[in-house]
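**Student:**
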Amino acid sequence: MTQAKTERTPGKDAKKDAMKALRAERAQWVGPATAKAAEHKKAQKAIRACLAQASATPPEIAAATGLAPDTTLWLLASMKKFGEVVEADKTGAYYRYALAAQAPESGEG
Amino acid sequence: MGGQASVGAQRKILILATESCAYPGADSVGQAHASYPANTYILKVKAPVLFPERFYLDCFRKGIGGIIIMSCGEECPYKGAYKAMAQRLDRVYAQMKEQGLDIRRLRLTAICTVCNRAFLNEVNQMNQVLQELDAPVQAQA
Amino acid sequence: MDSAAHSPQDSPQVVTGTGGTGGMGVFDALVIGGGIAGLQTALDLADQGYSCAVVEKDASIGGAMIRLSKVFPTLDCASCITTPKMAAAAHHEKITLLTCCDVDRLERVNADEDGGSLVATLTQRPRHVDIEACIGCRKCEYACPVLTPDAEQGGFSGRKAIRIPFSNAIPQKAVLDVEHCMLCGKCAEVCPTQAIRYDQKPEQLRLEARAAVLATGFRLSPVADKRQYGLGAIPNVIDSLQMERLLAPHGPYGRVLRPSDGMIPDSIAYVQCAGSRDASMGVGYCSRVCCMYAIKQAMLLSGSLPLADITIYYMDIRAFGKNYEQFYQNAKAMGIEFVKAKVASLDPTEGGAVTVHYEDQTGAGVATREHDLVVLSMGMLPGWQPGQVCPVAIAADGFIDTVAPKTLPSLTAMPGVFVAGAAAGPKDIVDTITEAGGAAMQAAKYLAARAANAGLARTPQARTEKASIQEASHG
Amino acid sequence: MAQVNPDFMETLRQAGTDTGAECNNCGTCVAICPLAEGHFPRLMLRYAQLGAQELILDQAQELWRCLHCGLCTQTCPRGANPGEVILALKRFVVASWRRS
Amino acid sequence: MAERTNHNPAQAPADSQAPAHNPAKNPPPAQNHDQAPDRNHDHDQAQDQAQDPARVGVYICYCGGNISDHVDVEAVRARMAAQPGVAVARTNMFMCSDPGQELIMEDLRAGRINRVVVASCSPSLHEGTFRSAIARAGGNPYQYEHANIREQVSWVHHGQAATDKATRLISAAAGKAGLLDALSPLRVEALRRAVVIGGGVAGLRAALDMADSGIQVLLVERTAWLGGAVARLGRLAPVGEDASGLLRGLAGQVLAHPGVTVHARAVVSGFGGYLGNFSLTLSRTPDPDVNADVNADANANADAVADAAPLSKMPSKTPSKMPSKMPSKMPSKMTVGGFVRGLGVLAPTQPDAASQDQGPLTVRTGVIVLATGHRSYTPKRGEYGYAENPEVLTLPRLIQHLADTEAETGPLLVLNGRAIRRLAIIHCVGSRQIPGIHQEDESGCLNEHCSRVCCAASINAANQVRERHPQTSVYELYRDIRTYGRGQEEMYAKAAANRVVFLRYSADDAPEVRRCPAGQGFPLEVAVRDGLTLGQELRVPVDLVALATGMVPGPVAELVDMLKLPVGADRFLQEVHPKLRPVELPLPGVFLAGTCQAPMDIGEVCSAASAAAVKAVALLSKGHVELDPFVAEVDEQACTGCGACVAACLNKGALGLETLELDGAMVSRARVTPALCLGCGACVAVCPEYAIDINGWTLAQYEAMVDRIVCRLEGVA
Amino acid sequence: MYNHQDIISLLAANVRATKSPFGIPKPLVNTWWKGQGLGREGDVLLMTGLMYQLVPYIETVTRQLERFEDTRFMPYLAWARFVPKLLSGLGLAALTPAPAKDKAALHLRDIVAALRASGVSFGYRPELDEYSGILLYDLGDQESFVRHARLVAERLAQAGVRRIITVDPHTTYALKVLYPRYVGAQFEVRTYFEALDMGTGGGAVASPDAGGARLTLHDPCFYGRYLELSDLPRRLLGGLGHQCADVRECGAYTSCCGGPAEAVSPRLSARIGAGRAGQLAATGEQLVTMCPICLSNLEKAGANVLDLSAILARGLPRREPDQAAGPGQ
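Residue numbers (the working numbering), protein chains in the order written: chain A, 707 to 815; chain B, 3 to 143; chain C, 102 to 576; chain D, 714 to 813; chain E, 14 to 730; chain F, 2 to 330.
#1: For D/Glu775, would you say it is in contact with chain E, using Cβ-to-Cβ distances shorter than 8 angstroms as the test?
#2: With C-beta atoms as the reference, is C/Cys238 less than 8 angstroms away from C/Ala262?
#3: Residues of chain A with a CB under 7 angstroms from the CB of C/Gly286: which are they?
#4: What does the alpha-carbon distance come out to for the pair C/Asp362 and C/Met481?
#5: Using a 10 Å radius around the Cβ and a threshold of 16 neighbouring Cβ atoms, would you call C/Lys327 buried or exposed?
#6: In chain A, which residues lie less than 9 angstroms from C/Phe257 when you measure between Cβ atoms?
#7: Tell me which residues of the segment 790-809 of chain D have at least one Cβ-Cβ distance to chain C shorter than 7 angstroms, keeping chain order.
#8: Is it a yes or a no for the segment 163-177 of chain E touching the segment 79-96 of chain E, going by three-plus beta-carbon pairs under 8 angstroms?
#9: Kindly indicate if chain D contains any beta-carbon less than 8 angstroms away from that of E/Val553.
#10: Going by C-alpha distance, which of B/Ile66, B/Ala88 and B/Leu103 is nearest B/Cys74?
#11: List the residues of chain C whose Cβ lies closer than 9 angstroms to the Cβ of E/Thr496, in chain order.
#12: Would C/Leu144 pass as an interface residue toward chain F - the criterion being a Cβ-Cβ separation below 8 angstroms?
#13: Pick out whichever of B/Ile15, B/Leu132, B/Asp136 and B/Glu134 has its Cα sitting closest to the Cα of B/Ile71.
#14: Taking C-beta to C-beta, are F/Gln287 and F/Thr217 nearer than 8 angstroms?
#15: Helix, strand or coil for E/Arg435, going by three-state DSSP, please let me know.
#16: At what residues does the alpha helix (DSSP H) containing A/Ala743 begin and finish?
#17: Can you give me the C-alpha to C-alpha distance between C/Ala595 and C/Val276, rounded to a whole angstrom?
#18: Select from the segment 466-488 of chain C all residues with a C-beta closer than 9 angstroms to any C-beta belonging to chain D, and list them in chain order.
#19: Out of F/Tyr254, F/Leu237 and F/Ala304, which one is the CA nearest neighbour of F/Leu281?
#20: Taking three-plus beta-carbon pairs below 8 angstroms as touching, is the segment 271-289 of chain E in contact with the segment 228-244 of chain E?
#21: Determine whether the Cβ of C/Val531 lies closer than 8 angstroms to any Cβ atom of chain E.
#22: Please confirm if C/Ala524 has its CB atom under 8 angstroms from at least one CB of chain E.
#23: What are the residues that DSSP puts in a beta bridge with E/Glu550?
#24: From the DSSP output, read off the bridge partner residues of A/Thr797.
#25: Work out the CA separation of E/Thr407 and E/Ser325 for me, nearest whole Å.
#26: Going by DSSP in three states, C/Glu194 sits in which element: helix, strand or coil?
#27: Kindly list, in the order they appear in chain E, the residues whose Cβ is closer than 9 angstroms to that of D/Arg759.
#28: What residues in the segment 107-120 of chain F have a beta carbon less than 9 angstroms from any beta carbon of chain C?
#29: Buried or exposed: where does B/Gln101 fall if 16 or more other Cβ atoms within 10 Å of its Cβ makes it buried?
#30: If we cut at 8 angstroms on Cβ distances, does E/Ala695 have a partner in chain B?
#31: Give the single residue among C/Cys491, C/Ile335 and C/Asn211 whose Cα lies nearest to the Cα of C/Glu451.
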């Protein structure tokens, strides 16, 4: 925050050691966060695999991936935020989602 | 107006909207997400009394199909401006007639900041006029 | 922290701080809270030449208002109205913003010497990002592998452990929270300005001012406060701020969907007084904004979901402000259904719909109805408990007490300390902004009187200097 | 229908409780009551507020549907204590029936 | 501070260092062309720019999808980038955000651009934001044009048509921007003085706050009394402060303040000038009018019935019998600062305003605060039996009675010698009126607004009756109970505990007040279909009915005309924006305080008044004010001095003919007084030589815009 | 639905004549204590208020009433009060099956066992153990209730009783709250599980085969709301190593079992009981309650419910097949 702090450029080893110490200090958070990240990674992979076939509604994706429908929607919304998936056309009371790369030109309906 | 008529096929409508009444009125139509034809171009004016007669005739010459002057009416913040405006318009109408322009192409109306319906009516009416006036031309083209 | 708070302050100018790099600053006024009340107060004070420090607990200023979709009764976009004030405050040369900052202690020292000064001890919570270096490019955010529910989006989508708080946040600077960080180092790898500081520690700051304005706002009463409404466990029962996010154009789904499975809701219900006017919850007062925001949301919903049925269950519709009643009548004319009943309880159903139990007072009595989505119109609770932090009096309703509510509504029992906005009871934005102006007026008068007594120059510029704490200011 | 009678609340107070005046007729008690039928108990409180003594006596049988479970009192947003008011109304009815 | 148009120097107030000139005859410094913006400098800049051609930067906002959902923003950007004169074209998610503004500022600083067009939401929201960003980057904030592609494009059009229209509007804006000269704000010297119109609580609060901030304040009040509507109140909701004590305190401070001069029994009869230097003409309220005012104000809803039967023995009981020269014939003990219920605190009589033969007084001021208050709604004859039954009165009248008899307790409320066993209060009388259900008044208006304070006032009155007179029962007939304020819901609950009975009616099935059938023992009966009792019709025999009349706009038609004040559909004065500028009017330097704007309770009035005061103080703190430079300017080379513009000018004094030396010859030329120029352009249209234009809104700029709208554009309809 | 006037007069007349709502002679009802080796003296007096004992008879009455509810015979109930009290009571006793009576006794013996295990010293005097009169109070017959309560309280006072342990919520509420309020009685009243909690110093009841079960508690209205005694049973069970899986409608927000409606409308009672049983079934765990009326009504609705005393006394519910399949299944 101050200049004195930003100027610090420790050696690589010292940096590694510092991170190691910090990891130990924050083990109570690092562990669960890592586990959660792995879980989300796996779920997102499943969603990607599902959408690689064709666009699908959240319940369809949930059925195909075995994820809960609310988790599926939550992940879709997150992936949409980071540009990975886009909203496609509507089927009944649900919107379909598609991978960004193969999305139709415009979701405008 | 007819749903199929492509907006592009119609002539353009110029709307001179006063900044204290009609322009916020047009914004209010937007806030209500009420749709209207896109051949409408709204220019913000402090008071339409600014424009001399030739301005209107020039616009028509340049290809503007219709002009709607949306003023504040009697609530105009510039006292006397509305009256001066109306008098000027009579002279414009006279010149339009001389040039063979249908005077329905120019309208003066009052639109307040919440006159959504009136705004839409004006735009739709002018489009009707333009459609009517331009129909034979289109047929020939 | 304790020692700083309780040791006698011989010289208020002394720089203290456990981190050794703490800051201090002398201001004319200290504004606690960077929501719309605090910003308006600060602007009105700064426009008279008084220097102000605005202390905000969140990573961005803007408070509740910047998180809304649109505001009643004009249906202006909340962001469009809030951002100019946020930007004006952020760019004002007389205003210093401190974000991620908690007030640990606010007290008057040397009160016998011409009223003394107010001294605030603050904790600058770490952003784990060098706020000067960060350019807000979001590269870290894309690189971060951790997703966690984004409170800024009602929890309906994920955010990263490191992120820009939200799209129109001020300052546009990243913030990392250690609770969700796995310390993988990816953000530091991609940061073009090496701004990541994993080991940043909280810092103590000390500010001195002659007047303070408490603009600490409100928090929404929690859904879990009412057992009959499901304690937050019934799918598709959400609170009103969550609905604001669903309605916001930059919301989690970009449209209104049912969170349990993404269905487009056909039927949406509002449960009014879900956190107010309810002795059984210990909140007897009216939260004053819920009727209007529910009507506003209902109108916005009927715009975005023209086929949906929208029902508002209410006890009294309190559309009391300028043009509010007309707004309410418009909503009725638009076909929004108003049912005069307090909803007794909610139950989940198999298919994700929610059963609403109420008394139909125009019909057969006990009635139930199913809705795809139920919005609880939660009320306002005080945003801040002064407790041991500040010896300002609290009224029975838990909000800051005012001593002359009729003639000087911003006056607290503590000399030189004023209050504005929802900190002094639930309030809508219009009333908050007006009251903030009033608080600024009274604070300015207090400052002027103090300056006159002290024989100081009338121009506040003469004795104020820009604070040395610059990390939170930007521009 | 019948005219209002402002004195009835006093009668009810003598029968044990007059908190029914505090009811603002929100209907929570009706919808939460396990009986799940009609407008009970709110309507009884409403009659009490209005002093519609005849209506209470006419519909007295309704009162004995109350299980005295207290859920309405627990959930009443106004602290109007509907359960106890119903009990007081029972007492009022029993007393008036004994008198006649 | 004030100067009399007819001479009476001896009685001029002490602060006679004020410019002793009639503003119309001798314009104040700011009107002086010499002190107007340095035109030569501007021309130099213009010349610089001629050498340094316009490089327009175009910035298009996504508005988080608001625009980009319907307008292909990137396509528009590409089209704009290709247009001649456009140096850069960029897009951003939120142009108004810091990063968005930074885009513009960086391009300006780097010299890539010297004109800016932002295409985003309505200019009403962010024109100022971007102008200020330009200024921060060292550019000229007036070399800016705004294209409104949200409210007027993306929210109303869809598909290709939206994209095309956005392109044309932005192109037009760029066309105008290319012709924009650098301008600077007009600097206007501001008098550190304020005039407050209205001596109610709002006016008193605002006057005190400004005076405490070192501003000289003149408070104008029509009547002889300070306090306005609050003077009629007693114990205030919800906690029971005493209104008279409150008023005495506020008025006492005002009267004692050396910085405030009170002009009672005066009205504003003339208005001129502008921010920083307004001039107001004050006239002595004609005596008969004072009485009329008092009748209308103090005896709110001068109940025909109640007039016939005086309510109490207090001096306020029969205002109609008030002597024509009140101050001289008031009770002998009545002195300045003394309080009379229903009237207020007696204001001092200004020596210069006292005698009738003195002419009107002209005062000059930097700002004006309007605190003209409201009127109480007068029910129509027959509305809920009003004026047809002596037992029907208005709530303000009942409140005044309760205040007058505050010390009295007893089993029953007694009014006009009549014991009141049962009282019914009917809410929403003259408020929340609905078209098709309620009847318009003579002027065709409905009061669709909620009057905000009547629920709390009714319940407060009911509690007082129940607590002071336990045998008097109270029935409140309401539509919605709106006890929104702090402590009010608790007061409502207390009323219920006090056994006030609430009956709920619906607007389309309003209660009926009628004579009670004989033999029932009550004069009146209120019949209501009660929503809380399954819609059954209830009959409530009563001794008295009070109508909770709402607030309606005060009689300020003259002021509205004179100051050209905006009025809302509810006929209250209309602020610029309820959230962005809640106490300001479009007329710079004029502020709103209190119930002239909308119904409010006393605390809210004081907040609003202080908020108005803080704006005024901030405005006057520098001693000068900056105004927009959008005023007429004459091209002296082209002008022939024909005078057509002078004849057309709508604000007399803003334009005149002057003889000056030009190229060695003395010629007559039109000359603009910028601070008085409205910028309407009436002069522009009549100039045969096109020698006069409005800065920032020139005819050439409009023509350029029209050209861009009609011209051929690749791929654009 | 039966006419409240008829029911009230019948019950009031019964209580007045026999001190029992159904007119059954006490020696016939209150037999559970025999052979328990209970001392007459102790710091505190155990008082059952006869609720557990009366439940089997209530069930019988309900069965009878159910047959006639809303039939043309219903009005004849009005004549029932002219039937000699003793006779009708005896008839009722004859109609009530013995196994039901035995089961009621079992619960009381479990309570005694638990109290003994925790070291609480108490005495029992059958002649003082009277019905509390609570039903009269609930029905609004204030006059009869007060008359009866005064009688009961006076006898207890004359016997020098100052501290009382109760076993069911209705009697507890009557003695703890209503007696002081309406007849000025000032006993120190605790339920048996309060006494247990104090007897073990706030700790658990020690039991060799304790722990491990997941249980769903149905809080009786009087305990959950009126007496705010929901936490205690959970604490005791937790101390034994059991886990409580609560439904939303528990504690102060518990739902009624429908039992109290039996007297006026068995049909209504059954409907409410079924609703409550459904709510509780959502957790899928063993149900537990602590009120004879709740127990009876929930069982009637088909639920498999244990009395808290059984768990406290034995540490764990016994898995006897005949008991696991509830009587309604």
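Ideal Cβ positions, reconstructed from N, Cα and C, are used throughout, including at glycine.
**Tutor:** Reading from the atomic positions:
#1: Residue numbering aside, residue 775 of chain D sits at position 62 when the fourth sequence is read from its first letter. Closer than 8 angstroms: no.
#2: The sequence position of residue 238 of chain C within the third sequence is 137, counting from 1. The sequence position of residue 262 of chain C within the third sequence is 161, counting from 1. In this structure, C/Ala262 does not lie closer than 8 angstroms to C/Cys238 by Cβ.
#3: On the third sequence, residue 286 of chain C is found 185 positions in, with the first residue counted as 1. Neighbours of C/Gly286 on chain A, chain order: Met725.
#4: Start at 1 with the first residue of the third sequence, and residue 362 of chain C comes out as number 261. Start at 1 with the first residue of the third sequence, and residue 481 of chain C comes out as number 380. About 29 angstroms.
#5: Working through the third sequence from its first residue, we reach residue 327 of chain C at position 226. Buried, since its Cβ has 16 or more Cβ neighbours within 10 Å.
#6: By one-based count along the third sequence, residue 257 of chain C stands at place 156. Result: Leu779, Trp780 and Ala783.
#7: Pro790, Arg791 and Gly792
#8: yes
#9: Counting from one through the fifth sequence, the residue named residue 553 of chain E turns up at place 540. So yes, E/Val553 belongs to the interface.
#10: Looking up residue 74 of chain B in the second sequence gives position 72. Nearest C-alpha to B/Cys74: B/Ala88.
#11: On the fifth sequence, position 483 is the one that residue 496 of chain E refers to. The contacting residues are Cys387, Asp417 and Arg419.
#12: What you label residue 144 of chain C is simply residue 43 of the third sequence in a count that begins at 1. No, no contact with chain F.
#13: Along the second sequence, one-based indexing puts residue 71 of chain B at 69. Looking at the Cα atoms, B/Ile15 is the closest of the given residues.
#14: Numbered from 1 along the sixth sequence, position 286 holds the residue referred to as residue 287 of chain F. Numbered from 1 along the sixth sequence, position 216 holds the residue referred to as residue 217 of chain F. Their beta carbons are under 8 angstroms apart, which means F/Gln287 touches F/Thr217 by this criterion.
#15: Position 422 of the fifth sequence, counted from the first residue, corresponds to residue 435 of chain E. Residue state, collapsed to three classes: strand.
#16: Mapped onto the first sequence, residue 743 of chain A falls at position 37. Ala733 to Gln759 is the span of the alpha helix (DSSP H), which, as asked, contains A/Ala743.
#17: Chain C is shown only over 102 to 576; residue 595 of chain C falls outside these bounds and no answer can be derived.
#18: Gly466, Val467, Ala468 and Thr469
#19: Locating residue 281 of chain F in the sixth sequence gives position 280, counting from the first residue. Ranking F/Tyr254, F/Leu237 and F/Ala304 by Cα distance to F/Leu281 puts F/Ala304 first.
#20: yes
#21: In the third sequence, residue 531 of chain C corresponds to position 430, counting from 1. Yes - at least one Cβ of chain E is within 8 angstroms of the one on C/Val531.
#22: Your numbering for residue 524 of chain C matches position 423 in the third sequence. Answer no: the Cβ-Cβ gap between C/Ala524 and chain E never drops below 8 angstroms.
#23: Indexing the fifth sequence from 1 puts residue 550 of chain E at position 537. Note: E/Glu550 sits in a beta bridge opposite E/Arg542.
#24: To locate residue 797 of chain A, count along the first sequence from 1; it is residue 91. Paired residues: A/Tyr800.
#25: Here residue 325 of chain E corresponds to residue number 312 of the fifth sequence, with the count starting at 1. Here residue 407 of chain E corresponds to residue number 394 of the fifth sequence, with the count starting at 1. Its pLDDT being 35, under 50, E/Ser325 is placed unreliably in this model, and the value from its coordinates should be taken loosely. C-alpha separation (whole angstroms): 15 angstroms.
#26: The count along the third sequence starts at 1 and reaches residue 194 of chain C at position 93. The answer is coil: DSSP assigns C/Glu194 none of H, G, I, E or B.
#27: Taking the first residue of the fourth sequence as position 1, residue 759 of chain D is located at position 46. Within 9 angstroms Cβ-Cβ: Asp543, Leu545, Thr546 and Leu547.
#28: none
#29: Taking the first residue of the second sequence as 1, we reach residue 101 of chain B at position 99. Burial call: exposed.
#30: Locating residue 695 of chain E in the fifth sequence gives position 682, counting from the first residue. With 8 angstroms as the cut-off, E/Ala695 counts as an interface residue toward chain B.
#31: Residue numbering aside, residue 451 of chain C sits at position 350 when the third sequence is read from its first letter. Comparing Cα-Cα distances from C/Glu451 to each of C/Cys491, C/Ile335 and C/Asn211, the minimum goes to C/Ile335.
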